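With the first letter of the sequence shown counted as 1, position 159 gets the number 155 in this note's numbering; the numbers rise by one all the way through.
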Amino acid sequence: MAEEDLIFGKNRHFFGGIEPSNMLAFSVAVESGVVKVTATLPNDTVVNNQTLCTVEGAIIRRKTTDYPKDEFDGDLVANIKASTVFADSGASPTGTYYYAAFPYTTQGVYNRNKANRVVVNEPEPMQEFSAKSVYVSASDTVKVEITAKLPSGVAGAVIRRSTTGYPTSETEGELFKNITANGTYRDTNVTVGVVYYYSAFPYTSTGAYNRSEANRTSVTPKKRDYLFGYDLVKATSSPTGRVTYPSDVDNAAFTPAAMNFSTGKFNYGGWAFDPGEKFMPRPCMLTYAGVVDHYLNPNDYTKKVNGTTSKVTDTSFGGNAMMEWPKIYTKRWESNGVYHFRCSDTPQDDTWDCWCNYDRNNNQIDHFYTPIYFGSLVSGKLRSISGAANSVNTTAANEIAYAKANGNDWYTEVLADRLLLQDLLVMMARSTECQTAFGYGRCNSSNSIAPGTMNSKGMFWGSNDKTSGVKVFGMENVWGNLWRRTAGWINANGTQKVKLTRGTHDGSTATDYNTDGNDYKTIANATPAGSSGGYISSMKTEAFGRLPVNASGSSSTYEADGMWYNNSQVNYAFVGGHWDYGLMVGPFSAVLDNAASGSYSGIGAALSCKPLAAA
């Protein structure tokens, strides 16, 4: 510090004279049943061999409820003239006391800095203190949920709040609650968009408070639990260079997710959500009636979440192994060559929709279900069961009939679910090249692998050996292994036609899926082009997702997945890839050159279920 600062700056007392420095040492502790005070006076202030102030001593005071504010506040403990260690005979070894030292000069100038404070037997900070915003869609209301866990040995805690900053004492700000037990406490008197600062002050029965900054939390109430998304520059060919996290989403600073092929472990990055949290689905056994019988351990499908044996391999179970997805609202649009994807648990305005969450009667449903396993034909039904055989060599009509044999709410996989899965994968990986991010899938082999090989691999797993398969969102072989026939997507003589919902909510006039695209939505300017059997290089943006248009890319550019097409006939789409298609397989990989009547050993279907909304 410069000499002029010492003389005329911070250390100048407003009565005149130089304020002494802070205590060199000041502590209080209980030793052998005695409260001992250790006090080391500051040195004189000397600049250029000139003594600017001479320290004469220090006043030490204490209180039981707060720190003494000055040399007159609280009980006098001592007026020391030299550094010392002494016993405070007026203090109980079990009491809580707030001490402050006020060093002073021969001119009578005092130092009242907070650095010269110490507390003995102060209650511990809160064991847990956090706040989160909760939106209740049914009542269109927002609240703050505060989780509070008291430290041991206290009588309770005062929780206070403010909108201008953290309360620093138990009397500052607005009282929220005086709690005496652990729990979750709801603050319903909040306004969306306003920042609320909460501080907890645990206290003892003798009235001592902990005012630590560790007992602070803040939250901004909002009409959502999350708002995630990404932006994609369409003209940029680099799969990672074209995708960014914009500043308006909660994942703006997230680390992307990726499979570590060396360790065999999946790194979630910023996306480490438990099944059932945010947009993450939950593995379950779903009855034919569309009711969850039990949830599965996400790290071992052969077990229920409670550790008992599941029905995942039981073909006599009246239902299927499925992933339960929550209601996911999305908004997709393109501007200035940039594709924008946003998703949330709550629609941000009336341009958002949850395409996957509609039943066949056009009603929104809380959950929709996708298959854990590729379809197996068991007693005339298309099933999702671990250990059963893959069902292939069937036509689209066969597969639909087998799927619907489970019940009226069942069908084969549908386009809307695939489009959502694609966007979520790109968002998590921050890349359109998903094989490198999540796993190559079984794409360099001579046959398929049966359902259930990845039951203990967790929600996401993959390999770069090109034979072991891949698992994303709890589902096996979403790409590679076998092509998956997908309802709602037709290439009719070069015109792509789609149906997003089984009913007519999507604006189509078809009252159910079909195999020719009649009364589907017609997509303009989306005639497949480029090299059939090439890599996707451009896609058409629609409000419900992106559809491949041109195949003029490579295995390391753009979407990096293959597309095949035939614009001279009506084709029923299948997706994902096959056991020997190499780098062309992936979540975007699509075949638009095969009629619904085609039947091959490398093609089949898997289930979806959208139960009717509650009456």
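Here a beta-carbon is modelled for each residue, glycine too, at the ideal position from N, C-alpha and C.
Please read these numbers as outputs of a predicted model, since none were measured by experiment.
Can you tell which of the options has its C-alpha closest to the C-alpha of residue i?
i	options	result
PRO38	ASN109, TYR94 and GLU170	ASN109
ILE599	LEU579, GLY448, ASN394 and LYS536	ASN394
ALA248	TRP267, THR491, THR283 and TRP351	TRP267
THR511	ASP419, ASN443, LEU588 and LYS606	LEU588
MET281	TYR199, SER550, PRO367 and MET535	PRO367
GLN492	SER214, ALA74 and ALA520	ALA520
TYR617	ILE532, PRO544 and ALA569	Summary: the structure shown does not reach residue 617, with the chain confined to residues -3 through 611, and so no result is reported for it.
ALA483	VAL229, TYR93, ALA399 and VAL545	ALA399
PRO322	ILE55, ASP183, CYS350 and TYR297	CYS350
ASN357	PHE98, ARG58 and LEU608	LEU608
GLN360	ALA611, LEU171, TYR568 and TYR436	ALA611
ALA384	PHE434, THR309 and ASN332	THR309
ASP246	ASP355, CYS339, MET535 and VAL51	CYS339
VAL150	TRP485, THR202 and TYR193	THR202
ALA153	GLY161, ALA144 and THR160	ALA144
LEU421	ALA253, SER604 and VAL30	ALA253
SER372	PHE337, ASN404, GLY315 and GLN344	GLY315
ILE56	ASN44, PHE269, CYS49 and THR80	THR80
THR137	PHE172, ARG220 and GLN103	ARG220
PHE22	SER208, VAL43, VAL114 and SER243	VAL114
TYR369	ARG480, VAL105 and TYR222	ARG480
GLU273	MET455, SER312 and GLU170	MET455
SER382	LEU417, ALA397, ASP296 and ASN487	ASP296
ASN96	GLN103, ALA74 and LEU579	Correcting the residue identity first, residue 96 is Ala in this sequence and not Asn. Taking only the C-alpha atoms, the option nearest ALA96 is ALA74.
THR102	ASP62, ASP66 and LEU48	LEU48
ASP355	SER604, GLY53 and ASP40	SER604
ALA111	TYR226, THR342, ASN18 and ASP244	ASN18
THR311	LEU416, SER380 and MET318	SER380
ALA433	ASN211, LEU579 and GLY70	LEU579
PHE313	THR283, TYR335 and PHE262	THR283
ASP413	ILE324, GLY70, THR176 and SER158	ILE324
THR298	VAL468, LYS128 and ASN451	ASN451
Considering only the beta carbon of each residue, do residue i and residue j sit closer than 8 Å?
i	j	result
SER597	ASN389	yes
PHE197	GLU166	yes
LEU411	VAL466	no
PRO279	TYR264	no
TYR100	PRO16	yes
GLY91	ASN107	no
LYS606	PHE364	yes
GLN431	GLY541	no
ASN489	SER564	yes
LYS139	VAL188	no
PRO499	ASP405	With the sequence shown as reference, residue 499 is identified as Gly, and Pro is not the correct amino acid for it. Taking 8 Å as the Cβ cut-off, GLY499 and ASP405 do not qualify as a contacting pair.
PHE655	ALA35	In the structure as shown, the chain starts at -3 and stops at 611, and residue 655 therefore has no counterpart that could be examined.
TYR94	ASP62	yes
ASP227	VAL334	yes
LYS591	TYR568	According to the sequence as given, residue 591 is Ala; it is not Lys. Result yes, Cβ atoms of ALA591 and TYR568 sit closer than 8 Å.
GLU330	PRO277	no
PHE262	TRP457	yes
MET255	GLY403	no
Between residue i and residue j, which are expected to be in contact by the criterion C-beta below 8 Å, what is the C-beta distance as a whole number of angstroms?
i	j	result
GLY558	GLY526	Not really, about 11 Å apart at Cβ, beyond 8 Å.
PRO163	ARG156	4 Å
ALA401	LYS377	4 Å
SER585	GLY572	6 Å
PRO121	ASN174	Going by Cβ atoms, the distance from PRO121 to ASN174 rounds to 17 Å, so no, they are not a contact pair.
ILE142	TYR181	5 Å
MET535	PRO544	5 Å
VAL33	PHE82	6 Å
ILE486	VAL566	7 Å
ARG328	ALA539	6 Å
TRP560	GLY476	With 8 Å as the limit, TRP560 and GLY476 do not qualify as a contact, their Cβ atoms being about 16 Å apart.
TYR131	THR326	Wrong, their Cβ atoms sit about 17 Å apart, outside the cutoff.
Output yes if chain D places a C-beta closer than 8 Å to the C-beta of residue i; else output no.
i	result
ALA393	In summary, chain D is missing from the structure at hand, where a single protein chain is found.
Beta strand (DSSP E) runs contained entirely in the segment 117 to 186, provided each spans 3 or more residues
At a cut-off of 3 residues, the continuous stretches assigned as beta strand (DSSP E) that sit fully inside the segment 117 to 186 are 124 to 132, 137 to 145, 152 to 158, 170 to 175 and 179 to 183.
So, does the segment 80 to 93 touch the segment 22 to 32, judging by three or more C-beta pairs under 8 Å?
Counting Cβ pairs under 8 Å, three or more are found: they touch.
State whether the segment 234 to 242 contacts the segment 420 to 433, with contact taken as three or more CB pairs (one from each stretch) at a distance under 8 Å.
Result yes; three or more Cβ-Cβ pairs closer than 8 Å.
Can you confirm whether the segment 463 to 480 touches the segment 445 to 454 when touching is taken to mean that 3 or more C-beta pairs between the two stretches lie within less than 8 Å?
Judged by Cβ distances under 8 Å, the segment 445 to 454 makes contact with the segment 463 to 480, as three or more pairs qualify.
At least 3 beta-carbon pairs within less than 8 Å: the segment 498 to 512 vs the segment 431 to 441:
No, they do not touch.
Please list the segments of the alpha helix (DSSP H) lying wholly inside the segment -3 to 76, counting only runs of 4 or more residues, in order along the chain.
Annotation note: the segment -3 to 76 contains the following uninterrupted alpha helix (DSSP H) runs of length 4 or greater, listed N- to C-terminal: -1 to 4.
What residue ranges within the segment 184 to 221 form continuous beta strand (DSSP E) runs of no fewer than 3 residues, ordered along the chain?
Secondary structure in the segment 184 to 221: the beta strand (DSSP E) runs of 3 residues or longer, each lying completely within the stretch, are 192 to 199 and 212 to 215 in chain order.
Whole alpha helix (DSSP H) elements within the segment 368 to 430, 4-residue minimum:
For the segment 368 to 430, whole alpha helix (DSSP H) runs of length 4 or above, ordered along the chain, are 392 to 400 and 411 to 425.
Fully enclosed by the segment 463 to 512, which beta strand (DSSP E) runs are 3 residues long or longer?
Segments of the beta strand (DSSP E) lying fully in the segment 463 to 512: 479 to 488 and 491 to 494.
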